[in-house]
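Reviewing the structure listed below.
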Amino acid sequence: MSETFGDALSGVREESGFSSSRSFFNKNGGAGFFDCTYRHYLNIEGGRALPNVALTRRIAAALGLISDRARAKRFVKGYLQSLFRDEDMLHLVAFGLGDAQEDIEKSKSPLIEAMSRVNQERTFDLSKEQSTWILKSAENYWTWTILAHDKGSWNADRIVEATGFDAKTVAKSLRKLVKLELAEKEGKSEFRCQLAGRVFQHPNTKVYTTGLQSLRSYRDGMASSKGKTLMRYGFFSRGSERELRNYFDYLIKSVQGCEVVSKQSSEDDSIFFEVETVVKRILAL
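In our numbering, the protein residues as written are -5 to 279.
Okay, here's the thing in structure tokens:
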């Protein structure tokens, strides 16, 4: 007998880098993204419930299955096994759809390539101390962010020139990064992040939850003083909120697809940019 969907989901979740069901649920937006309670999600992993199509799609999106055929196959097979509860029917469906994947797996769209690259990156879990310090001030955040996204070396003067921050504050931030083991000193004045290129995960703590607003203000402040809006596109319509929520996972993954142009070096046209998708409820009739 093949494994059930709950078994398959638990295994794929661990293979995706989430050691616990709670971390997977919370780090992907919690109830706001999945549109279900954590208790309901636990019932699914425990094999006590089977998700509907909308929730299954959200779970698959959070796991990044579009770019990993092996994990996607285990996920879908487990779902069908729990749905049909019949080995012969499962084999019939697999046989009937056997060639379908060949029509799409050679796709080289930027979105699929980007998601594949993200999933292949090794994540790095920041400690509570590291996360708290990064979120404490704009100087801390940007000094860390510049180093974390560049495999080259930086000194205080270059960071001051780029950001406009106070030189003494930047120098202090660089020294603290070394103490936190988030950077290494090279020579007399150069610093580099030995973890550059990793996908950094903040711990799911109250400090991070409240610090998110500060993080947004740091980015907004820098965009206001040093940057500009490169593009703005809006769409206005009337429709079902329930149906629109089913589309959220595609919006999220489309934005993540911009990772395809990410760089880890100081090239001439290299910039920090933020791509944001906002869905607003304006008027309920």
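Positions of the beta carbon are idealized from the N, C-alpha and C atoms, including for glycine.
Alpha-carbon spacing of residue i relative to residue j, whole angstroms
| i | j | result |
| --- | --- | --- |
| Glu270 | Leu86 | 43 Å |
| Lys170 | Val164 | 10 Å |
| Val254 | Val193 | 14 Å |
| Gly0 | Gln195 | 25 Å |
| Ile153 | Thr137 | 7 Å |
| Phe18 | Pro197 | 12 Å |
| Glu96 | Arg68 | Residue confidence is low: Glu96 scores 48 on pLDDT, short of 50, so the model does not pin down where it sits. No coordinate-derived value is stated. |
| Arg79 | Gly41 | 13 Å |
| Lys51 | Gly251 | The sequence as given places Arg at residue 51; Lys does not occur at that position. Distance between the alpha carbons of Arg51 and Gly251: 18 Å. |
| Ser14 | Glu155 | 42 Å |
| Asp263 | Ser183 | 25 Å |
| Leu3 | Glu123 | 32 Å |
| Thr223 | Leu49 | 34 Å |
| Phe159 | Gly23 | 33 Å |
| Lys257 | Thr139 | 13 Å |
| Ala55 | Val273 | 18 Å |
| Met83 | Thr(-2) | 15 Å |
Residue i: first and last residue of the uninterrupted alpha helix (DSSP H) it sits in
| i | result |
| --- | --- |
| Thr126 | Lys122 to Lys130 |
| Lys173 | Ala161 to Lys173 |
| Lys71 | Arg63 to Phe78 |
| Lys21 | Ser15 to Lys21 |
| Asp1 | Phe(-1) to Glu9 |
| Asp151 | Ala150 to Thr157 |
The ligand MG heavy atom lying under 8 Å from the CB of residue i
| i | result |
| --- | --- |
| Glu81 | The model on display carries no ligand, and the ligand MG is accordingly not part of it. |
Start and end residues, beta strand (DSSP E) containing residue i
| i | result |
| --- | --- |
| Gln188 | Element bounds for Gln188: n/a, residue is neither H nor E. |
| Thr195 | The displayed chain sequence assigns Gln, not Thr, to residue 195. Unbroken beta strand (DSSP E) run through Gln195: Val193 to Gln195. |
| Asp119 | Thr117 to Asp119 |
| Lys179 | Glu178 to Glu180 |
Cβ distance (whole Å) where residue i is taken to contact residue j below 8 Å
| i | j | result |
| --- | --- | --- |
| Asp29 | Arg226 | No, Asp29 and Arg226 are not in contact; Cβ-Cβ is about 28 Å, not under 8 Å. |
| Ala150 | Leu176 | With 8 Å as the limit, Ala150 and Leu176 do not qualify as a contact, their Cβ atoms being about 16 Å apart. |
| Ala132 | Gly215 | 6 Å |
| Tyr305 | Tyr135 | The requested residue 305 is not part of the displayed model; the chain covers only -5 to 279. |
| Leu129 | Leu209 | 6 Å |
Self-check item: Validate contact between the stretch 66 to 79 and the stretch 42 to 58 using beta carbons, cut 8 Å, 3 pairs
Solution: Output reads yes: the stretch 42 to 58 touches the stretch 66 to 79.
Exercise. Could you tell me whether the stretch 52 to 67 touches the stretch 4 to 15, using the rule of 3 or more Cβ pairs below 8 Å?
Key: yes
Practice problem: Check whether the stretch 32 to 39 touches the stretch 236 to 248, counting contact only when three or more Cβ pairs, one atom from each stretch, lie closer than 8 Å. | Solution: As far as the Cβ criterion goes, the stretch 32 to 39 does not touch the stretch 236 to 248, which means the pair count is below three.
Self-check item: Inter-stretch contact (C-beta, 8 Å, three-pair minimum) for the stretch 182 to 197 and the stretch 232 to 240
Solution: Contact fails between the stretch 182 to 197 and the stretch 232 to 240, because fewer than three Cβ pairs, one in each stretch, are under 8 Å apart.
Quiz item: Between the stretch 217 to 225 and the stretch 139 to 151, do three or more beta carbon pairs fall short of 8 Å?
Solution: no
Exercise. Could you tell me which uninterrupted alpha helix (DSSP H) segments, each at least 4 residues in length, are contained entirely in the stretch 223 to 279, listed from first to last along the chain?
Key: 235 to 239 and 242 to 250
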